[in-house]
Amino acid sequence: MGLYHRFLRTVALPLGARLAGYQAVWPYLRQLEASQWWSLEQLRALQNAKLRRLIAHVYEHVPFYREVMDARGLRPEDIRTTDDLELLPIVDKHVITANYREALRDHSLPTAQLIPASSSGSTAERLHYWTTKTQKAKKWAGLFRWWEMVGYRFGDPYFTFQLAGNRGLRGIPVLEKLEWVMLRHRWLSAQQMTDEILAEYVRQLDRYRPVLFRSYASTVYYLACFMRREGLRVPIPAILTTGETLSEDMRRTIEEAFAPGRVYNEYGGDGMQIACECEHHQGLHINAETYIVEIVRDGRRVPEGELGEIVLTNLEATATPFIRYNIHDVGALNLSPCPCGRGLPRLSRLEGRLTDLFLTADRHWLTVHQFTAFFAKIPAVKAFQVIQRRVDDVLIRLVVDETFSEADHRRILETFRGYLGPNNRFTLEFVDEIPTTPAGKRRFFISEVIETTATAATVALPDRPGASS
Ligand SMILES: [Zn+2]
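Residues in the sequence shown are numbered from 545 upward in steps of one, following our numbering.
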């Protein structure tokens, strides 16, 4: 098997990628494999060098940045280190989508090289931007490094559990055709998950014993709950969860179904592969060669360890630059050395999409998991929805059955008073059902404060730095 891995890695895959125009994957992956062991100082120096190159380039070729920097009296040489980034404005999905066609694009690239891309988050509005084959190749290299970090080698069988039709190694057409056979990749559809279908999936996993199983956190959790009910287990060395917040309860359930200590949380979004857990599971290593991560609250950086919004600078993207991009997720930085020896800094306390949590008038973060855990203890509550209408005003909708008692009611009032503190108002509303979104999803948690602030930012930028946060 060692020979086959080597053949794939050194001959077949590079050849396939070259034919498809994605040859940048392999040299970049080799760089990432080496630099993950560098010290934090070496990685910072690399980031600074890449940042200087990026800023010089966007000042020359991207009208948006030429304008912003001229208006602030900035020259490219004023941005020398990651600390100097604070001189530039924070942007978000709305700013990029409104400007990507013209002002926010790299005019040195021929139009033929620009590939349109889009992504939708947990909310309805889509992000639109340009990418290139080289950028996509580097993105894949970042992802492949995580796979290797969790023990996968090209040629090992792997499974993907996902909603949409499988496109495999997306965007690498030649590999797409090869991978089914050569890479021993199988795909399970998450579109329908009846007990019969789930039982069949468990049989397939047991038969092919993949080394790597990639899935959205909620989907593999759903499968693991089924396996627990049925008393089933399949040992799989690495479960890579992505796309959503992974709670401790979800992690435990998935581990029970597959393997203790082998659930690796990966974090990406809006077309970026940002961070992943190593075998020590103490936070997620950041792809620091590609992304500068800042943690920001009220438009200002917060110290290491403090929670704030994640603001990203993609050092390898110019087609549409992502410089100080507020992805509207929440986390904290951990710069201390990891026991694995990798110098890559870590994201800790990753709290997921901003719509999974909100900030109260007392500046406390509340997460959706606090509410799910609390209501799980009151069987008379069949469903709930928490809506932050203003920063200090919360509406809690409840669907209850006939066993709902006065004591339950009191307990909810007392608990929410404790959660929300004295400076927040809240209202309980008893309803017959919780409405679903147009996509059929039930949202437990809606912050109208966050969603309207994000929309307002389109108009406010680029004159006001940090207006989007
Ligand atoms: Zn580590």
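All residues carry an ideal CB built from backbone N, CA and C; glycine is no exception.
The structure presented is a predicted model; accordingly, all values stated were derived computationally and were not measured.
Item: Exposure label - Ala615; buried when at least 16 CB within 10 Å; Value: exposed
Item: Closer than 6 Å: residues whose CB approaches a heavy atom of ligand 1; Value: Cys822, His824, His829, Cys882, Cys884 and Arg886
Item: Contacts around Ala924, its chain only, beta-carbon distance under 6 Å, and the 5 residues preceding and following it disregarded; Value: Val944, Asp945, Thr947, Phe948 and Asp952
Item: Selected residue, minimal CA-CA separation from Ile836, among Arg550, Gly565 and Leu584; Value: Leu584
Item: Exposure label - Ala832; buried when at least 16 CB within 10 Å; Value: buried
Item: Exposed unless 16 or more other CB atoms sit within 10 angstroms - verdict on Glu821; Value: buried
Item: DSSP state of Ser937 mapped onto helix, strand, coil; Value: With the sequence shown as reference, residue 937 is identified as Asp, and Ser is not the correct amino acid for it. Of the three classes helix, strand and coil, the one that applies to Asp937 here is strand, per DSSP.
Item: CB of Leu587 within 8 Å of CB of Leu888, strictly; Value: yes
Item: Three CB pairs or more closer than 8 Å across the stretch 628 to 643 and the stretch 681 to 693; Value: no
Item: Helix, strand or coil at Thr667 according to DSSP, with G and I counted as helix; Value: Only weak support exists for where Thr667 lies, its pLDDT of 42 falling under 50; the value from the coordinates is given anyway. Note: Thr667 maps to coil in three-state DSSP.
Item: Among Ala801, Ile854 and Val778, nearest to Asp814 - alpha-carbon criterion; Value: Ile854
Item: Exposure label - Ala876; buried when at least 16 CB within 10 Å; Value: buried
Item: Euclidean distance between Cα positions of Asp739 and Pro754; Value: 21 Å
Item: Terminal residues of the beta strand (DSSP E) in which Cys820 lies; Value: Met816 to Glu821
Item: Limits of the unbroken alpha helix (DSSP H) element including Gly962; Value: Glu950 to Leu964
Item: Collapsed DSSP secondary structure at Ala863 in the structure displayed; Value: coil
Item: Sequence-distant residues of its chain with Cβ nearer than 7 Å to Leu879 (five each side left out); Value: Leu584, Glu848 and Pro889
Item: Inter-stretch contact (C-beta, 8 Å, three-pair minimum) for the stretch 799 to 811 and the stretch 760 to 773; Value: yes
Item: Three-way DSSP call (helix, strand, coil) for Trp731 in this model; Value: strand
Item: Simplified DSSP assignment, three categories, for Pro889; Value: coil
Item: Range covered by the beta strand (DSSP E) that runs through His825; Value: Here His825 belongs to no beta strand (DSSP E), and DSSP marks it neither H nor E.
Item: Every unbroken alpha helix (DSSP H) within the stretch 597 to 642, with a cutoff of 4 residues, ordered by chain; Value: 607 to 615
Item: With 16 other Cβ atoms within 10 Å as the buried cut-off, status of Ala589; Value: exposed
Item: Span separating the alpha-carbon of Ser762 from that of Arg954; Value: 32 Å
Item: Which of helix, strand or coil DSSP assigns to Trp570; Value: helix
Item: 8 Å contact criterion, which Ala782 and Gly695 should meet: CB distance rounded; Value: 5 Å
Item: Inter-residue Cα distance where the pair is Asn858 and Ile978; Value: 39 Å
Item: For His549, three-class secondary structure by DSSP; Value: helix
Item: Beta-carbon proximity check, Leu891 vs Ile830, cutoff 8 Å; Value: yes
Item: Cut-off 7 Å between Cβ atoms - residues of its own chain near Arg610, not counting five sequence neighbours on either side; Value: Tyr603
Item: Assigned secondary structure, Gly852 (DSSP; H/G/I helix, E/B strand, else coil); Value: strand
Item: Coil, strand or helix - Ser652 by DSSP; Value: coil
Item: Cβ-based neighbour list, Ile922, same chain, cut-off 6 Å, excluding 5 preceding and 5 following; Value: Asp952
Item: Thr763 - containing alpha helix (DSSP H), residue span; Value: Ala761 to Glu774
Item: Test: Thr797 CB closer than 8 Å to a CB of chain B; Value: The chain inventory of the structure shown lacks chain B, comprising one protein chain alone.
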